[in-house]
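K.L.:
Residues 858 to 1270 (my numbering) make up the sequence shown, in order.
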Amino acid sequence: MNTDAAIPFLDLVTPHVELEEELTALFRRVLHSAGFIGGPMVENFETAFAEFCDVRHAVAVNSGTDALRFAIMASGVQSGDVVLTVPNTFIATTEAISQARAIPEFVDVDEHTYNMSPLMLQRYLRNKCIRDKAGRLISLRSGRQVTAIVPVHLYGQMADMDSILDLAAEYGLIVIEDACQAHGAEYFSKKNNRWMKAGSMGRAAAFSFYPGKNLGACGEAGAITTNDSAMAANMKMLRDHGQSRKYYHDIEGYNGRLDALQAGILHTKLSHLTSWNEQRRSKAAEYNRLLSKSDAVGLPFEPSWSRGVYHLYVIRTSDREGLMSHLKEAGIGSGIHYPVPLHFQKAYVSLNYSAGDFPVSESAAGEILSLPMYPQLASEQQERVAAEVTAFVAKCRPGAAELNTLVSVERVG
Ligand SMILES: Cc1ncc(COP(=O)(O)O)c(C=O)c1O
């Protein structure tokens, strides 16, 4: 291996070249059958993905955004309702909420996991809402009824689902998981006394199969998982122009179907997903080991109740821009997920949030940096990345050689 070669942030070529024969044969099959939309390839993938996520139904659609939008629409959220989520996520989370004609409102994330803080959720529900005469939960900020929560399992790490589900049950709220970055992540549910898969705990969950995801298509793709058969049937109509059968439209729907080629590709790759996730986990452990000597770098935190799948490996440092350009000069790619919290985005000026409303998300946005992370990342490459990070930090803070100490995250209640 050329030890000076550039290390990309993401390598989408190698995994596809590794599967070239299988994928080419698949393409030929689709070409020769001309079954491009729907059909057995889509149905077989749905069955396999439902089994993988340990749920009754998977509904394949053409993106994670559609998945989330259809899940919210089919869950019973009404036009004008408030749906709670976090500011530290990709904008698709809130786009889906708005496109389902609901209003996004935010609660801050936990400073260790970067996922929805159950404590902040509890404070919001206790202090920022009232019950109206009919007993409905009303947001004091918008005057609208709060009906749902969308926790995001960001970076492939689980949100604290037991605590969120307990609060949702107490306040009568629907929970839809945004599992777009968390295919195969697991949560130890004390309530159920077992490990549970991302996408199996809420009323429904959305997955994205955008190419760079842990399970990625060769184009756009997504899926919804649920144990609720009525919801699954409704979402199948939503993805297909509201048809219950050909040219009989029970509702107005969308063109949100997954095509057969993508379904076939995803099905082929699904058989590798567990091993790819294991490789990501061991690469994360190796990064932790290599980077743990400097207290100037915050490492990803994995609570004892979470088995993350490291869609992203995110560190934290005060001179993020400096480190990023140092890595760039060394030929190493990196990324920021995400540089601007959603309440600061121009698109959400109308939501009227201010600086300081979500301090944890705001300070994280200025300090987080995602390092190269993919199953095919070689140990030598990883060592080079870690060496460059350590060298930069040592240059900036010569005394920073203490071991990282991370505080454990407590559950609410
Ligand atoms: C957290 C999150 N939610 C939703 C989405 C939307 O998925 P898609 O790009 O497939 O529409 C993504 C995709 O990046 C995501 O990361």
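The C-beta atom is built at its ideal place from N, Cα and C for all residues, glycine as well.
This structure is a prediction, so every number in the text was calculated from the model and none was measured.
1. Inspect the CB distances between the region 860-880 and the region 1098-1111 and report whether three or more fall short of 8 angstroms.
2. Do leucine 1030 and alanine 1078 count as a contact pair if the criterion is CB distance below 9 angstroms?
3. Between the Cα of arginine 1241 and those of Gly1190, Tyr971, Tyr1105 and Ser1046, spot the shortest distance and give me the residue it belongs to.
4. Just confirm the distance between the C-beta atoms of serine 1065 and serine 920, as a whole number of angstroms; I'd bet it's less than 8 angstroms.
5. Would you report the Cα separation of valine 887 and phenylalanine 893, rounded to the nearest angstrom?
6. Give the list of continuous beta strand (DSSP E) stretches no shorter than 3 residues that lie fully inside the region 1084-1118.
7. I believe glycine 1056 touches valine 912 by the beta-carbon criterion, under 8 angstroms. Please report the beta-carbon distance rounded to the nearest angstrom.
8. DSSP three-state call for leucine 1226: helix, strand or coil?
9. With distances taken from CA atoms, which of Asn1050, Ala928, Leu1208 and Ile1081 is nearest alanine 905?
10. So is the beta-carbon of lysine 1070 under 8 angstroms away from any non-hydrogen atom of ligand 1?
11. Does glycine 1213 pass the burial test, meaning 16 or more other C-beta atoms within 10 Å, or should it be called exposed?
12. Excluding the 5 residues flanking aspartate 868 on each side, which residues of the same chain have their C-beta closer than 6 angstroms to its C-beta?
13. List, from N- to C-terminal side, the beta strand (DSSP E) runs of 3 residues or more that fit wholly inside the region 923-948.
14. Would you kindly work out how many angstroms separate the C-alpha atoms of leucine 1147 and leucine 1156, rounded to a whole number?
15. Any heavy atom of ligand 1 closer than 8 angstroms to the Cβ of glutamine 1038?
16. Tell me whether the beta-carbon of phenylalanine 1249 lies closer than 9 angstroms to the beta-carbon of leucine 1180.
17. Let me confirm a value: serine 1128 is counted as buried when at least 16 other C-beta atoms fall within 10 Å, else exposed. Which label applies?
18. Would you say alanine 915 and phenylalanine 902 are within 9 angstroms of each other, going by their C-beta atoms?
19. Quick one: complete alpha helix (DSSP H) runs, 4+ long, within the region 1196-1224?
20. From arginine 998 to aspartate 965, what does the alpha carbon distance come to, in whole angstroms?
21. On the DSSP bridge assignment, give the partners of serine 1046 in chain order.
22. DSSP on histidine 1168, reduced to helix/strand/coil?
23. Identify, in the order they occur along the chain, each residue of the same chain with its Cβ nearer than 6 angstroms to the Cβ of tyrosine 981, setting aside the five sequence neighbours on each side.
24. Quick check on the DSSP output: the beta strand (DSSP E) that includes isoleucine 1031 runs from which residue to which?
25. Give the C-beta separation of glutamine 1002 and leucine 994 to the nearest angstrom, bearing in mind that I take them to be a contact with Cβ-Cβ under 8 angstroms.
26. Out of Gly1223, Asp923 and His1106, which has the shortest C-alpha to C-alpha gap to tyrosine 1067?
27. In the DSSP assignment, what are the bridge partners of glutamine 1002?
28. Could you check whether phenylalanine 1215 and asparagine 1049 sit closer than 9 angstroms to each other, using their CB atoms as the reference points?
29. Alpha helix (DSSP H) containing valine 918: first to last residue?
30. Considering only heavy atoms of ligand 1, does any lie closer than 8 angstroms to the CB of alanine 949?
31. Does at least one heavy atom of ligand 1 sit under 8 angstroms from the Cβ of alanine 1016?
32. Which runs of the alpha helix (DSSP H), 4 residues or longer, sit entirely within the region 945-990?
33. Three-state secondary structure (DSSP) at glycine 1179?
34. Taking the alpha-carbon of alanine 1090 as reference, which of Asp861, Pro865 and Met930 has the nearest alpha-carbon?
35. Comparing alpha-carbon positions, which option in Ala1251, Gln1239 and Arg1254 lies nearest aspartate 861?
P.N.:
In short:
1. no
2. The count along the sequence shown starts at 1 and reaches residue 1078 at position 221. The count along the sequence shown starts at 1 and reaches residue 1030 at position 173. Result no, Cβ atoms of alanine 1078 and leucine 1030 do not sit closer than 9 angstroms.
3. For the purposes of this step, residue 1241 is taken as the residue at position 384 of the sequence shown. Taking arginine 1241 as reference, the option from Gly1190, Tyr971, Tyr1105 and Ser1046 with the minimal CA-CA separation is Gly1190.
4. For the purposes of this step, residue 1065 is identified with residue 208 of the sequence shown, where counting begins at 1. For the purposes of this step, residue 920 is identified with residue 63 of the sequence shown, where counting begins at 1. Indeed they touch by this definition, with Cβ atoms about 7 angstroms apart.
5. Sequence index remark: in the sequence shown, residue 887 carries index 30 (1-based). Sequence index remark: in the sequence shown, residue 893 carries index 36 (1-based). Roughly 7 angstroms separates the two Cα atoms.
6. 1100-1102
7. Counting from one through the sequence shown, the residue named residue 1056 turns up at place 199. Counting from one through the sequence shown, the residue named residue 912 turns up at place 55. At roughly 7 angstroms, the Cβ-Cβ gap stays under 8 angstroms, so glycine 1056 and valine 912 are in contact.
8. Residue numbering aside, residue 1226 sits at position 369 when the sequence shown is read from its first letter. Here leucine 1226 sits in strand by DSSP.
9. Residue numbering aside, residue 905 sits at position 48 when the sequence shown is read from its first letter. Of the candidates Asn1050, Ala928, Leu1208 and Ile1081, the one whose C-alpha sits nearest the C-alpha of alanine 905 is Ile1081.
10. Position 213 of the sequence shown, counting from 1, holds the residue named residue 1070. For lysine 1070, the CB falls within less than 8 angstroms of some heavy atom of ligand 1.
11. For the purposes of this step, residue 1213 is taken as residue 356 along the sequence shown, with counting starting at 1. Flag for glycine 1213 reads exposed.
12. Along the sequence shown, read from residue 1 onward, the residue named residue 868 stands at position 11. Answer for aspartate 868: Tyr1231 and Gln1233, listed in chain order.
13. 939-942
14. Here residue 1147 refers to the residue found at position 290 of the sequence shown. Here residue 1156 refers to the residue found at position 299 of the sequence shown. Cα to Cα, the separation comes out at about 11 angstroms.
15. Taking the sequence shown and counting its residues from 1, the one referred to as residue 1038 is at position 181. Yes, ligand 1 has a heavy atom inside 8 angstroms of this Cβ.
16. The sequence position of residue 1249 within the sequence shown is 392, counting from 1. The sequence position of residue 1180 within the sequence shown is 323, counting from 1. Their beta carbons are under 9 angstroms apart, which means phenylalanine 1249 touches leucine 1180 by this criterion.
17. The residue labelled residue 1128 in the question sits at position 271 within the sequence shown. Burial call: exposed.
18. Residue mapping note: residue 915 aligns to position 58 of the sequence shown, counting from 1. Residue mapping note: residue 902 aligns to position 45 of the sequence shown, counting from 1. Yes, the Cβ-Cβ distance between alanine 915 and phenylalanine 902 is below 9 angstroms.
19. 1216-1222
20. Position 141 of the sequence shown, counted from the start, is the residue given in the question as residue 998. Position 108 of the sequence shown, counted from the start, is the residue given in the question as residue 965. Arginine 998 and aspartate 965 have their alpha carbons spaced roughly 15 angstroms apart.
21. The sequence position of residue 1046 within the sequence shown is 189, counting from 1. Arg1051, per the DSSP bridge assignment.
22. Your numbering for residue 1168 matches position 311 in the sequence shown. Note: histidine 1168 maps to coil in three-state DSSP.
23. Position 124 of the sequence shown, counted from the start, is the residue given in the question as residue 981. Result list for tyrosine 981: Val964, in chain order.
24. Start at 1 with the first residue of the sequence shown, and residue 1031 comes out as number 174. Unbroken beta strand (DSSP E) run through isoleucine 1031: 1031-1035.
25. As a first step, residue 1002 must be located in the sequence shown, where it is residue number 145. As a first step, residue 994 must be located in the sequence shown, where it is residue number 137. About 6 angstroms; that satisfies the 8 angstroms criterion.
26. Stepping through the sequence shown from its first residue, residue 1067 is reached at position 210. Cα-wise, what sits closest to tyrosine 1067 is Asp923.
27. If you number the sequence shown from 1, residue 1002 lands on position 145. For glutamine 1002, the pairing in a beta bridge is given by DSSP as Ile995.
28. As a working mapping, residue 1049 is identified with position 192 in the sequence shown. As a working mapping, residue 1215 is identified with position 358 in the sequence shown. Contact annotation: asparagine 1049 and phenylalanine 1215 have beta-carbon atoms that are not nearer than 9 angstroms.
29. Here residue 918 corresponds to residue number 61 of the sequence shown, with the count starting at 1. Careful: valine 918 lies outside any alpha helix (DSSP H), inside the beta strand (DSSP E) at 914-918.
30. To locate residue 949, count along the sequence shown from 1; it is residue 92. Correct: alanine 949 has its Cβ closer than 8 angstroms to ligand 1.
31. Here the question's residue 1016 lines up with position 159 in the sequence shown. With a threshold of 8 angstroms, the Cβ atom of alanine 1016 does not count as near ligand 1, since no heavy atom of the ligand is closer than that.
32. The qualifying runs are 949-956 and 975-984.
33. As a first step, residue 1179 is located in the sequence shown; it is residue number 322 there, counting from the start. Reduced to three states, the DSSP call for glycine 1179 is helix.
34. For the purposes of this step, residue 1090 is taken as the residue at position 233 of the sequence shown. Cα-wise, what sits closest to alanine 1090 is Met930.
35. By one-based count along the sequence shown, residue 861 stands at place 4. Measuring from the Cα of aspartate 861, the nearest candidate turns out to be Gln1239.
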